[in-house]
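A.B. asks: Right, I'll just put the structure down here and ask away after.
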Amino acid sequence: MSISVRDALLTFKTPALIGLVGVTGFIAGYLIDMTIFTDTAPKQPIDFSHRIHVSDNGIPCLHCHNYADTTPAAGVPSVSKCMGCHKTIATDRPEVMKLAGYWENQEPIPWIKVHDVPDFVYFTHKRHVLAGLECQVCHGPVETMDRIARVSTLKMPWCVECHTERKVEHGRDCWTCHK
Amino acid sequence: MEKINRRDFLKFIGAGGIGAGAGLLYGESTRKTVELLIPQVVTPEDYSPGIATWYNTVCRLCSAGCGISVRTREGRAKKIEGNPNHPVNQGRLCALGQAGLNALYNPDRIRTPLRRTGDRGNFAPIDWDEALTLLGRRLGNLKIKKQGSSVYLLAGGLRGHIDTLFYTFMQALGSDHYLHYEFTHPAALYAANRMIFNQDILPYYDISNASYVLSFGADYLGTWLSPVHYSQAYGHLRQGRTDQRGKCVQIEPRMSLTGASADEWIACRPGSEGLLAMAMVHVIVNDGLYRGPDRNAWLEATGPYTPEAVAAQADVAADVITRLAHEFIRNQPGLAIGGGSAASHTNAAASLAAINVLNYLAGNLNTPGGVIFNPDPVSPASPVARQASYARLQEWIEAMAGGGVDVLITHAVNPVFTLPPAAGFTEALAKVPMVVSLSSFMDETTALADLVLPAHTYLEAWGDDMPEPGVGFPVATLSQPVVKPLYDTRDAGDIILSLAHQIGGELPVVLPWTRIEDYLKDSWKHIYGQRRITADSGGNFDEFWNAALAAGVWGENITREPLRFDGVAEDRIRALQVPPPAFAGEEKDHPFVLLPYLTQAFHDGRGANLPWLQELPDPLTSIVYGAWVEINPATAKRFGIREGDIVEVQTPSGSLRAPAFLYPAIRPDVIAMPIGQGHSQYGRYARGRGANPLEILSPLVDEASGALAWSATRAGIRKTGERAPLIKTDGVTRTLGRQILDDKPAHT
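The listed protein sequences correspond, in order, to chains R and Y.
Counting in the working numbering, the first sequence runs from 1 upward without gaps.
Counting in the working numbering, the second sequence runs from 180 upward without gaps.
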């Protein structure tokens, strides 16, 4: 007895559909993990609040992140810079006491990096700051944040969109960022 | 669409659920680990993240003294390049110099002072105060008891004002026993230059402008004296002039790296190089190619050295000798130089003297393209005053063995590795009650120390250097730290200054400085005072110092009167003779001559703990991570030896085992081994790798210079039956009929 190819294949219709649902579920699960289960605002070793320092006390960004306009890395303030004020200011607050602990042990504070691009990307703060971009354009309303959060995806389409809009010279050239 | 039954529906839900779960877990497991942003604890000065700062300093990995520029970022040294301002290397650098980063960041660095506990070889950490007090008290007591002369200080080739500091310290202690010992110190060349040219320091060999380089074994592109400078000069010789590309002839028993670049390579018998030079002198004077007033004296002196007589001894045809002599004289300016095998036999000084005579006869002294005598260096200390030949060191070994040495301090030297055991250094060391090492690494000598006071590596240290050989005009290079010290080590200069203050008495009076940087700065005031004042050299001392630091080097390339040379004294001419070489061992039992040779990567063994150099393929054999014995293929065939067969090399002083490599460009009666591997200490990259040919050398000496005749040991080889494949980047070393090369024999 012979049977057509189509009919032979159709016997596997249900298992194939189950497989397809499974694969689709896998992809969906992965994407959900990447978006909903990713921490854009991780808990830091010290609950440093940008709102208190920037909005309430008027400290400009470049006072602490002082390399932003001169080097590719914006820099994060040294423990001694924090202690410059906090040797005397707000020394009774528990978070400031944590800071004092690090200073006493001469240990750096292990901040969790919130804004990061992969190693194959060359990003330079200096160029962006000197182009007149306000920090908030990429980093969001940092002055309102009690805990720093990543508000932009920092992925390539997002970078390219801005480079296109502002007509950056050589901004869409691969070698500019992928040296 | 048909209706889905309940079972299938549940299967779909299940598959979807499990799939989603798997996807989620996959996402979690492949998530990039959290990156930390680590700030500084204290804001450093001179700090710009992401922006490199370059510091100029001097390389100390060999005695050439090249200037280097080190690129640092965030306080870490990232890359070493040659300093373009420096006249010795002019922006270039050799492999050993590049690997300096491996020395600075080596995981096996000694990080704190150590004190011996129990038997020699066992250490426990102590702090600096304790260590300096221990040593300071002992030295102080010796000084008070007027026994300061039982303190001996052995350094590697140290130059500049740090050398002066060491010397002043030892003198104030009451000790004359301060010497430098380097395996590569060309004692025979210094003796030959004194004999013929009356010069105490090395001349400048102007290869750059020469038309003919007649090299008797001098590996000037690889390891001879100042190879980075000569390599550049060689480039100019070949391609810097439109009307000629010069001729380079290399005469040696085993083809060196330089030999591979020569136009003509001649395989002479080991130790016959001086005889060949004398024969050439004979030809030049006899054939009327030299017409100076002293030609009769030269004729007499070289009477017995006819080309025919020497041809038999050297195994080089008489007509080749005659031809080369004629070519050399007719293609001036030219250079006759000697090194390698020619400088390491029992007739070394005499051989190199004969080679010097060739330059004299050619009239190329103090002319471009020839041998240009160097002016005195700017430092008050002569670079050679304290250089010890092997014979001189023998006196020290006797003193040590006889109990006459109470404290031996070593700095940047590893005699337990570089001296043949037959010299007896290790046994004599056991008789010294206190051995102190200032080494950064646990090398063979440091492992036998009682006290280790680890000095900074050269990239963390202050100092200066006046290159030897000089470049024809006064040059002084500054060495400054390029990074903060990584570990609890100290600058060698600071160690000496601290000891001086510990010991007290007149020592802190003659050495009042507390910091090496201040001592160095004060020492440079006299260089500042000596310099020629020209229109644009104004400025006070601080400006001068800062400019020198920024440039990394100071020099004065001003036209001056060439140093006079009044000819060779007649008694010296008549006394000139080159005896045939003597060997240890009889030809019957030891049919081969063992030729150890220096490689640019390992030098005298110091480079073996630098992993980049272990993985650097040897330029001629392409072998990495090991040592080997080079055997002529015809010889190997006779013995039935294949590449990779482990052979035992036996000399009258010992034996070693190493894999064989079939090397076509070596005499069939010579075997050769690279120097540098075979460490028993010295860290994870060097230890237990390969074999050290220096270990089986017989301690023959060139009487005229006191130099160790390290090519004068005869050897026998024996198959062991074992094999170890050689790790190399080359494939097959035979052409296999592919007509890649013209397979003619090297010489007729």
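Just so you know, even glycine gets a beta-carbon here, dropped at the ideal spot from N, CA and C.
1. Give the straight-line distance between the Cα atoms of R:T176 and Y:R846, rounded to the nearest whole angstrom.
2. Could you give the DSSP three-state label for R:V114: helix, strand or coil?
3. For R:G75 versus R:H86, is the C-beta spacing smaller than 8 Å?
4. Take the Cβ of Y:T927 as the centre, count every other Cβ of all protein chains shown within 10 Å, and call the residue buried at 16 or more, exposed below.
5. I need the DSSP call for R:H50, collapsed to helix, strand or coil.
6. Can you tell which of Y:D342, Y:W575, Y:P218 has the C-alpha that lies nearest to the C-alpha of R:I112?
7. Any beta-carbon of chain R closer than 8 Å to the one on Y:L638?
8. Would you grab the beta carbon distance between Y:A310 and Y:R294 for me? Rounded to a whole angstrom, and I think it's under 8 Å.
9. My parser needs the alpha helix (DSSP H) runs of 4 or more residues fully inside the segment 299–358 of chain Y; what are they?
10. Between Y:A194 and R:G22, which are expected to be in contact by the criterion C-beta below 8 Å, what is the C-beta distance as a whole number of angstroms?
11. Identify each residue in the segment 214–227 of chain Y for which the Cβ-Cβ distance to at least one residue of chain R is less than 7 Å, and report them in chain order.
12. Run the CB neighbour count on Y:I192, radius 10 Å, all protein chains shown included, and call it buried at 16 or more, exposed below.
13. Are there 16 or more other CB atoms within 10 angstroms of the CB of R:H170, so buried, or fewer, so exposed?
14. Quick check on Y:P406: does DSSP put it in helix, strand or coil?
15. Y:L993: buried (16+ other C-beta within 10 angstroms of its C-beta) or exposed?
16. Taking the runs of the beta strand (DSSP E) that are 3 residues or longer, which of them lie wholly in the segment 241–276 of chain Y?
17. Report yes if the CB atom of Y:S523 is closer than 8 Å to the CB atom of Y:A763, and no otherwise.
18. If you measure between the beta carbons of Y:P600 and Y:E214, is that distance less than 8 Å?
19. List, in chain order, every chain R residue whose beta-carbon is nearer than 8 Å to that of Y:A199.
20. Kindly list, in the order they appear in chain R, the residues whose Cβ is closer than 8 Å to that of Y:L203.
21. Could you give the C-beta distance for Y:L678 and Y:N545, rounded to a whole number, given that I count them as a contact under 8 Å?
22. Any chance the segment 630–650 of chain Y sits against the segment 280–299 of chain Y, with 3 or more Cβ pairs inside 8 Å?
23. Rounded to whole angstroms, what is the Cα-Cα separation between Y:G419 and Y:G548?
24. Where does Y:S616 land, buried or exposed, given buried means 16+ other C-beta within 10 angstroms?
25. Taking beta-carbon pairs under 8 Å, can you tell me which members of the segment 107–130 of chain R lie near chain Y?
26. Can you have a look at R:L130 and say buried or exposed, based on whether 16 or more other CB atoms are within 10 angstroms of its CB?
27. Using a Cβ-Cβ distance cut-off of 8 Å, determine whether Y:D667 contacts chain R.
28. Would Y:L920 count as contacting chain R if we go by Cβ distances under 8 Å?
29. So, for R:R147: in the same chain, excluding its five sequence neighbours on each side, which residues have a beta-carbon less than 6 Å away from its beta-carbon?
30. Since R:V79 is in the alpha helix (DSSP H), which residue starts that stretch and which ends it?
31. Looking at Y:G786: is its Cβ nearer than 8 Å to the Cβ of Y:L792?
32. Grab me the residues of Y:A761's own chain with a C-beta within less than 6 Å of its C-beta, minus the 5 sequence neighbours each way, in chain order.
33. Tell me which residues of the segment 54–83 of chain R have at least one Cβ-Cβ distance to chain Y shorter than 7 Å, keeping chain order.
34. Name the residue from Y:E479, Y:D745, Y:A528, Y:R821 whose alpha carbon lies nearest to the alpha carbon of Y:H364.
35. Would you kindly work out how many angstroms separate the C-alpha atoms of Y:V614 and Y:F596, rounded to a whole number?
C.D. replies: Working from what's here:
1. Using only the alpha carbons, I get a separation of about 57 Å.
2. Residue state, collapsed to three classes: coil.
3. Not closer than 8 Å, so no.
4. Annotation note: pLDDT 42 at Y:T927 (below 50); position unreliable, coordinate value reported separately. With fewer than 16 other Cβ atoms from the protein chains shown falling within 10 Å of its own Cβ, Y:T927 counts as exposed.
5. Assigned with DSSP and collapsed to three states, R:H50 falls in helix.
6. Nearest in C-alpha terms to R:I112, of all of Y:D342, Y:W575, Y:P218, is Y:P218.
7. Not an interface residue.
8. Going by Cβ atoms, the distance from Y:A310 to Y:R294 rounds to 7 Å, so yes, they are a contact pair.
9. Runs found: 307–323, 339–352.
10. In this structure Y:A194 is in contact with R:G22, their Cβ atoms being roughly 4 Å apart against a cut-off of 8 Å.
11. Cβ contacts with chain R: E214, L215, L216, I217, P218, Q219, V220, V221, T222, S227.
12. Taking a 10 Å sphere around the C-beta of Y:I192, we find fewer than 16 other C-beta atoms and assign the residue as exposed.
13. Exposed, because fewer than 16 other Cβ atoms sit within 10 Å of the Cβ of R:H170.
14. In the structure shown, Y:P406 adopts helical secondary structure according to DSSP, grouped into three states.
15. This structure cannot speak to residue 993 of chain Y, because chain Y is shown only from 180 to 927.
16. 246–252, 255–261, all fully within the segment 241–276 of chain Y.
17. Going by beta carbons, Y:S523 and Y:A763 fall outside the 8 Å limit.
18. With a cutoff of 8 Å on beta-carbon distance, Y:P600 and Y:E214 are scored as not near each other.
19. Under the 8 Å cutoff, chain R gives G25, F26, A28, G29, I32.
20. Contact note: Y:L203 reaches chain R through G29, Y30, I32, D33, F37, using a C-beta cutoff of 8 Å and chain order.
21. Between the beta-carbon of Y:L678 and that of Y:N545 there is about 44 Å, and that puts the pair past the 8 Å contact cut.
22. The segment 630–650 of chain Y, when compared against the segment 280–299 of chain Y, does touch it at the 8 Å Cβ threshold.
23. Rounded to the nearest angstrom, the two C-alpha atoms are 13 Å apart.
24. Of the other Cβ atoms in all chains shown, 16 or more fall within 10 Å of the Cβ of Y:S616; this residue is therefore buried.
25. Residues of the segment 107–130 of chain R with a C-beta atom less than 8 Å from some C-beta of chain Y are E107, P108, I109, P110, W111, I112, K113, D116, T124, listed in chain order.
26. Around the Cβ of R:L130, a 10 Å sphere holds fewer than 16 other Cβ atoms; the residue is exposed.
27. Y:D667 does not count as touching chain R.
28. Cβ-Cβ to chain R under 8 Å: no for Y:L920.
29. If the five residues before and after R:R147 are omitted, its C-beta is found closer than 6 Å to the C-beta atoms of A41, all from its own chain and listed in chain order.
30. Its alpha helix (DSSP H) spans residues 79–86.
31. Yes; because the gap between Cβ atoms is below 8 Å, this pair is in contact.
32. Cβ-Cβ distances below 6 Å link Y:A761 to T525 in the same chain, with the five nearest sequence neighbours on each side left out; the list follows chain order.
33. Taking 7 Å as the Cβ-Cβ cut-off against chain Y, the residues of the segment 54–83 of chain R that qualify are Y67, T70, T71, P72, A73, G75, V76, P77, S78, V79, S80, K81.
34. Distance check between Y:H364 and each of Y:E479, Y:D745, Y:A528, Y:R821 places Y:A528 closest, using alpha-carbon atoms only.
35. Straight-line Cα distance between these residues: approximately 16 Å.
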